[in-house]
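Chains A and B supply the protein sequences, listed in that same order.
Numbered according to my numbering, the first sequence spans residues 1 to 530.
Numbered according to my numbering, the second sequence spans residues 1 to 530.
Protein chains: 2
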Amino acid sequence: MTRIQLYDTTLRDGMQGEGMSLSAGEKLRVAHRLDELGIDLIEAGFPSSNPKEQELFTLLGAETFANAAVAAFGMTRRRGVSADADPALRVIADCFAPVCTLVGKTWTLHLDKVVKVDREENLRMIAESIAFLVGQGKRVIYDAEHFFDGYGDDRGYALRCLRTAADAGAETVVCCDTNGGTLPHLVSAAMTDVVAGLAESKVQIGIHTHDDAGCAVANALAAVAQGAVHVQGTVNGYGERCGNANLISIIPNLQLKLGYECLTEGQLASLTPTANYIAELLNFTPDPDSPYVGRNAFAHKGGMHVAAVAADPTTFEHIEPAIVGNRRDLLISELSGKGTVQARARDAGIELDDDAAAHVVARVKALEHRGYHYEAADGSFELLLRKETGDYEPLFRLESWRAIVEKRADGRVETEATIKIWVDGERYVSTAEGNGPVNALDRALREALVEIHPHLREIDLVNFKVRILDETKGTGAVTRVLLDVSDGDRVWGSIGVSENVIEASWEALVDALEYGMQGSRQVLGKASDA
Amino acid sequence: MTRIQLYDTTLRDGMQGEGMSLSAGEKLRVAHRLDELGIDLIEAGFPSSNPKEQELFTLLGAETFANAAVAAFGMTRRRGVSADADPALRVIADCFAPVCTLVGKTWTLHLDKVVKVDREENLRMIAESIAFLVGQGKRVIYDAEHFFDGYGDDRGYALRCLRTAADAGAETVVCCDTNGGTLPHLVSAAMTDVVAGLAESKVQIGIHTHDDAGCAVANALAAVAQGAVHVQGTVNGYGERCGNANLISIIPNLQLKLGYECLTEGQLASLTPTANYIAELLNFTPDPDSPYVGRNAFAHKGGMHVAAVAADPTTFEHIEPAIVGNRRDLLISELSGKGTVQARARDAGIELDDDAAAHVVARVKALEHRGYHYEAADGSFELLLRKETGDYEPLFRLESWRAIVEKRADGRVETEATIKIWVDGERYVSTAEGNGPVNALDRALREALVEIHPHLREIDLVNFKVRILDETKGTGAVTRVLLDVSDGDRVWGSIGVSENVIEASWEALVDALEYGMQGSRQVLGKASDA
Numbered sequence: 001m002t003r004i005q006l007y008d009t010t011l012r013d014g015m016q017g018e019g020m021s022l023s024a025g026e027k028l029r030v031a032h033r034l035d036e037l038g039i040d041l042i043e044a045g046f047p048s049s050n051p052k053e054q055e056l057f058t059l060l061g062a063e064t065f066a067n068a069a070v071a072a073f074g075m076t077r078r079r080g081v082s083a084d085a086d087p088a089l090r091v092i093a094d095c096f097a098p099v100c101t102l103v104g105k106t107w108t109l110h111l112d113k114v115v116k117v118d119r120e121e122n123l124r125m126i127a128e129s130i131a132f133l134v135g136q137g138k139r140v141i142y143d144a145e146h147f148f149d150g151y152g153d154d155r156g157y158a159l160r161c162l163r164t165a166a167d168a169g170a171e172t173v174v175c176c177d178t179n180g181g182t183l184p185h186l187v188s189a190a191m192t193d194v195v196a197g198l199a200e201s202k203v204q205i206g207i208h209t210h211d212d213a214g215c216a217v218a219n220a221l222a223a224v225a226q227g228a229v230h231v232q233g234t235v236n237g238y239g240e241r242c243g244n245a246n247l248i249s250i251i252p253n254l255q256l257k258l259g260y261e262c263l264t265e266g267q268l269a270s271l272t273p274t275a276n277y278i279a280e281l282l283n284f285t286p287d288p289d290s291p292y293v294g295r296n297a298f299a300h301k302g303g304m305h306v307a308a309v310a311a312d313p314t315t316f317e318h319i320e321p322a323i324v325g326n327r328r329d330l331l332i333s334e335l336s337g338k339g340t341v342q343a344r345a346r347d348a349g350i351e352l353d354d355d356a357a358a359h360v361v362a363r364v365k366a367l368e369h370r371g372y373h374y375e376a377a378d379g380s381f382e383l384l385l386r387k388e389t390g391d392y393e394p395l396f397r398l399e400s401w402r403a404i405v406e407k408r409a410d411g412r413v414e415t416e417a418t419i420k421i422w423v424d425g426e427r428y429v430s431t432a433e434g435n436g437p438v439n440a441l442d443r444a445l446r447e448a449l450v451e452i453h454p455h456l457r458e459i460d461l462v463n464f465k466v467r468i469l470d471e472t473k474g475t476g477a478v479t480r481v482l483l484d485v486s487d488g489d490r491v492w493g494s495i496g497v498s499e500n501v502i503e504a505s506w507e508a509l510v511d512a513l514e515y516g517m518q519g520s521r522q523v524l525g526k527a528s529d530a
Numbered sequence: 001m002t003r004i005q006l007y008d009t010t011l012r013d014g015m016q017g018e019g020m021s022l023s024a025g026e027k028l029r030v031a032h033r034l035d036e037l038g039i040d041l042i043e044a045g046f047p048s049s050n051p052k053e054q055e056l057f058t059l060l061g062a063e064t065f066a067n068a069a070v071a072a073f074g075m076t077r078r079r080g081v082s083a084d085a086d087p088a089l090r091v092i093a094d095c096f097a098p099v100c101t102l103v104g105k106t107w108t109l110h111l112d113k114v115v116k117v118d119r120e121e122n123l124r125m126i127a128e129s130i131a132f133l134v135g136q137g138k139r140v141i142y143d144a145e146h147f148f149d150g151y152g153d154d155r156g157y158a159l160r161c162l163r164t165a166a167d168a169g170a171e172t173v174v175c176c177d178t179n180g181g182t183l184p185h186l187v188s189a190a191m192t193d194v195v196a197g198l199a200e201s202k203v204q205i206g207i208h209t210h211d212d213a214g215c216a217v218a219n220a221l222a223a224v225a226q227g228a229v230h231v232q233g234t235v236n237g238y239g240e241r242c243g244n245a246n247l248i249s250i251i252p253n254l255q256l257k258l259g260y261e262c263l264t265e266g267q268l269a270s271l272t273p274t275a276n277y278i279a280e281l282l283n284f285t286p287d288p289d290s291p292y293v294g295r296n297a298f299a300h301k302g303g304m305h306v307a308a309v310a311a312d313p314t315t316f317e318h319i320e321p322a323i324v325g326n327r328r329d330l331l332i333s334e335l336s337g338k339g340t341v342q343a344r345a346r347d348a349g350i351e352l353d354d355d356a357a358a359h360v361v362a363r364v365k366a367l368e369h370r371g372y373h374y375e376a377a378d379g380s381f382e383l384l385l386r387k388e389t390g391d392y393e394p395l396f397r398l399e400s401w402r403a404i405v406e407k408r409a410d411g412r413v414e415t416e417a418t419i420k421i422w423v424d425g426e427r428y429v430s431t432a433e434g435n436g437p438v439n440a441l442d443r444a445l446r447e448a449l450v451e452i453h454p455h456l457r458e459i460d461l462v463n464f465k466v467r468i469l470d471e472t473k474g475t476g477a478v479t480r481v482l483l484d485v486s487d488g489d490r491v492w493g494s495i496g497v498s499e500n501v502i503e504a505s506w507e508a509l510v511d512a513l514e515y516g517m518q519g520s521r522q523v524l525g526k527a528s529d530a
């Protein structure tokens with residue numbers, strides 16, 4: 001069966017979406033999850049458009065990926081300079097990434113009205129930029145911007161741009177529906193023409209679509225049906241305006257319905273947790289109605305459906321949900337079954353018998369119903385496992401805490417927290433100031449504990465995310481706090497849920513520190529992926 | 001040009017979606033908006049499945065619609081009874097609705113495994129139920145459930161079901177992709193066959209799709225391309241699992257890109273407000289990334305885009321946003337220039353001269369450097385503009401506030417906030433409890449202000465998001481709080497940034513309320529599109 005090359009641009013084109021924000025470290029975690037999912041090419045951005053991107057490429061250069069190659073993104077050379085004298089192309093040539101994706105103009109309207117570049121010069125810009133990078137030992141992908149609009153206005157010129165790129169040594173030429181308004185029948189017709197026109201060359205044909213007409217996924221499929229073998233998209237369809245093509249829908253459509261080869265069975269079964277993990281990192285609520293991976297995608301209402309599904313799931317389900325790591329009904333989590341829980345426990349060096357595993361599954365379900373979500377909170381989950389097996393020692397017993405934040409008449413904000421705890425029969429009372437209530441509680445707690453547990457000094461809170469779970473209730477609703485914590489070697493996550501943001505933060509803080517201390521007291525089987 | 005009949009099932013199939021809830025009175029408001037939009041047929045549900053549906057049909061029977069006819073929904077008769085003796089068909093026959101939509105089995109798998117009905121009896125159920133209602137003077141639409149799955153398993157039988165319905169007098173037979181997993185090329189192939197097979201009869205062909213493969217819109221378009229002239233869907237794609245086909249995307253695709261006749265120009269220009277209105281009635285945040293009507297659908301970042309759009313909007317926009325009642329959104333970001341700021345100011349009814357605009361740009365840059373981000377905080381941005389032009393009146397002058405959160409020895413968490421403010425030379429001191437510190441501050445502030453500004457009662461916080469901006473500093477880093485606030489008519493966003501999460505929340509809260517009150521104190525040039 002034809003293999004389709006999967007190209008993820010969440011970290012570049014996806015980041016153009018409203019509210020998309022990831023640190024370099026978080027982008028690295030996304031890249032590893034994409035690699036584990038089985039993505040072939042991960043577009044990471046322009047290697048030095050700003051210090052954050054520079055840091056990302058430095059980090060990426062030091063990593064090893066099992067499946068994926070990293071692609072650096074840039075533009076064809078500027079008008080009137082030679083490719084090797086173009087500073088941006090030089091940056092791409094010098095960066096570690098083995099693959100370079102260059103975007104270039106294809107639509108005469110843009111040549112005439114936006115960049116004001118002559119048609120022949122544009123072709124030279126394409127040819128020379130690609131040839132330069134190929135000469136530097138790079139694999140080059142050419143993204144033909146606005147291809148379908150260009151094809152509609154001036155078919156001959158649009159095809160010449162592709163042919164120029166192919167002749168210059170591009171490995172893949174990608175037809176982009178940059179403005180996203182093209183419908184599937186036009187994608188299909190243009191791609192037939194493209195594939196025929198480039199049949200003599202050995203270049204791969206790719207497709208890059210946007211969802212402005214609600215057809216991004218169908219457009220990608222239409223291109224593949226005509227011979228495209230490289231598909232660009234983003235996780236969950238993130239991207240500017242209406243978003244990019246959603247790889248999380250395209251992959252199972254290609255593999256389960258059209259028989260193309262994309263991922264291994266195990267990788268495909270990680271589709272749902274991967275989609276959710278990346279949503280959580282971005283602090284977005286995973287879309288419950290998302291095809292294949294949404295919490296509602298296999299939700300059945302009404303007894304008739306449920307009975308029919310029990311008799312034969314194909315009566316009301318277009319695929320078996322477990323194939324994509326999803327499950328029937330409402331609760332969705334990586335940890336849905338006993339087997340999964342036992343596997344996770346083994347990773348942490350904990351033996352769980354069947355009864356204990358069933359108990360954990362029931363407890364997780366009850367907690368998820370209250371808003372907990374363990375996909376991004378591995379530290380809290382492991383503590384839950386340890387509590388189940390008795391292999392757990394609390395750091396302290398809480399008597400009480402109090403946090404006060406005050407904006408004074410002179411405009412200064414003062415924060416102070418007091419904690420009262422018991423350790424080994426002794427009472428500790430400690431007060432600290434902080435930049436905010438969680439910081440003050442953190443400091444007060446550490447002040448009390450650090451002499452007994454000096455390892456606490458090495459533990460830093462690296463991220464803190466808050467989300468309201470029932471958005472219709474505003475600040476009175478249930479709050480979920482996710483903390484990421486590091487001791488320099490490892491990063492782990494913890495979670496707290498409460499109506500009160502400070503109480504939820506406290507809970508996540510205590511889990512984070514307790515997990516870190518468990519780690520210092522014994523060797524852990526499973527390190528986090530960061 | 002071919003006219004396409006638009007059939008909305010938001011009030012029936014759409015209501016199967018998670019969290020969908022409307023009173024009979026609200027459904028009536030939806031029906032009127034659908035009628036004004038130019039929908040031809042409004043499916044309202046089964047006339048007596050419960051008292052709420054009964055009430056709805058009573059209300060609907062008393063209304064007059066300009067464009068739309070109301071359709072009652074039901075199933076083919078039960079096995080082994082005559083149609084006129086079937087109580088459910090009798091209810092439909094007796095209700096005022098001139099159109100009846102009957103759903104019936106088409107897939108042999110369902111006949112064999114779910115309803116256990118013999119194939120010939122199923123055909124009689126279809127024929128007799130339709131003939132009965134036609135005899136009662138109704139226009140009948142036949143919804144062939146699971147048509148595409150049935151066609152794949154037993155083409156001949158699936159087509160016989162349609163032909164039976166046509167022969168019995170159905171005005172329209174609708175091919176339904178009930179489980180939603182069919183891809184466009186299969187819809188296209190089956191519809192070609194259906195249209196050819198029913199060419200001799202005068203029956204209209206319809207299409208009803210679901211989004212389980214992310215292709216519901218493309219599937220509807222594929223069916224129309226093969227000759228379907230009746231399209232079923234829901235507003236915003238609401239519906240169970242992954243939702244129904246989104247009429248709000250399908251309509252402009254058909255009319256603006258494929259040249260079919262659907263709505264008048266004026267009706268099409270009401271598409272965005274209609275989509276937002278129905279979302280608000282359902283208490284859902286309108287999806288900002290929704291094709292055509294989303295807040296981000298025509299959003300432009302970056303100076304190059306903005307300049308190109310100014311030169312020729314077709315360079316970066318697939319349609320002119322005003323055609324569907326949407327508007328171009330120039331996102332305010334570090335990359336924005338004076339032109340963008342002036343355009344945004346004009347939208348808000350504020351005149352900014354060049355100097356003032358340059359001043360705002362410099363101020364936005366400085367604020368964004370500190371972590372502010374105005375893309376999702378239109379309320380805060382407009383206040384910033386008003387402050388620049390002197391067209392700003394604070395709600396109050398703050399003396400001080402204090403929030404205390406305490407976890408007591410008995411495990412209870414208590415939260416209390418006190419504010420001291422000045423309004424018109426008078427000092428107000430107010431204390432309130434809350435579920436968390438922000439909720440308590442919000443309550444204390446409103447308690448002090450609500451007698452002076454009763455409109456504050458109508459303002460609700462609908463969303464609250466917190467992020468740490470410099471993750472390497474953990475809880476001591478800068479915190480960004482985004483609030484979404486609504487007064488029922490409009491939704492706006494505000495932002496606060498501080499090292500202290502409570503101070504950042506306070507800042508966003510004050511902006512949110514001040515913006516809301518600006519709206520009540522004067523007519524704004526720029527109303528939100530909701």
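Glycine included, every Cβ here is placed at the ideal spot set by N, Cα and C.
Burial state of V81 of chain A is exposed, judged by a 10 Å Cβ sphere holding fewer than 16 other Cβ atoms.
Close to C215 of chain A, with beta-carbon spacing below 7 Å, are these residues of chain B in chain order: V217, A218. Nearest CB-CB separation between T315 of chain A and chain B: below the 8 Å threshold.
Residue-level contact by beta carbon fails for H369 of chain A and chain B, as no gap is shorter than 8 Å.
Closest by C-alpha distance to R427 of chain B, out of B:L445, B:E433, B:L441, B:W492, is B:L445. For G259 of chain A, no Cβ of chain B is located within less than 8 Å of the residue's own Cβ.
Taking a Cβ-Cβ threshold of 7 Å, the residues of chain A close to T479 of chain B are G436, in chain order.
Note on geometry: alpha-carbon atoms of L254 of chain B and F316 of chain B lie some 21 Å from one another. Non-local C-beta neighbours of A72 of chain A in its own chain, meaning closer than 6 Å and more than five positions away in sequence, comprise P47, I92, C95, A97, C100, ordered along the chain. Rounded to the nearest angstrom, the gap between the Cα atoms of E280 of chain B and M1 of chain A is 47 Å. With a threshold of 16 other beta carbon atoms within 10 Å, E393 of chain B falls short and is exposed. Among the CB atoms of chain A, none fall inside 8 Å of the CB of A88 of chain B.
From the listed residues B:V485, B:L34, B:S249, B:G38, the smallest Cα separation to F284 of chain B is found for B:V485. For R467 of chain A, the C-beta contacts it makes with chain B under 7 Å involve K465, in order along the chain.
Closer than 8 Å to the CB of P184 of chain A there is at least one CB belonging to chain B. Taken in chain order, the whole alpha helix (DSSP H) runs of length 4 or more contained in the segment 222–276 of chain B are 247–252, 265–268. A Cβ of chain B is located within less than 8 Å of the beta carbon of S249 of chain A. L102 of chain A places its beta carbon 8 Å or farther from that of Y157 of chain A. Within 8 Å of the CB of K113 of chain B, the CB atoms of chain A belong to A308, A311, D312, T315, in sequence order along the chain. For G135 of chain A, the enclosing alpha helix (DSSP H) has its first and last residue at 119–135.
Here V450 of chain B is exposed. Its C-beta has fewer than 16 other C-beta atoms within 10 Å. If you compare the alpha carbons of B:D329, B:G516, B:L221, B:G349 with that of L395 of chain B, the shortest gap goes to B:G516. For the beta strand (DSSP E) assignment, the uninterrupted runs of no fewer than 3 residues enclosed by the segment 172–225 of chain B are, from N- to C-terminal side, 172–176, 204–208. Our two residues, K113 of chain A and S201 of chain A, have alpha carbons roughly 32 Å apart in a direct line. Contact annotation: A66 of chain B and D40 of chain B have beta-carbon atoms that are not nearer than 8 Å. DSSP, read as helix, strand or coil, puts T415 of chain B in strand.
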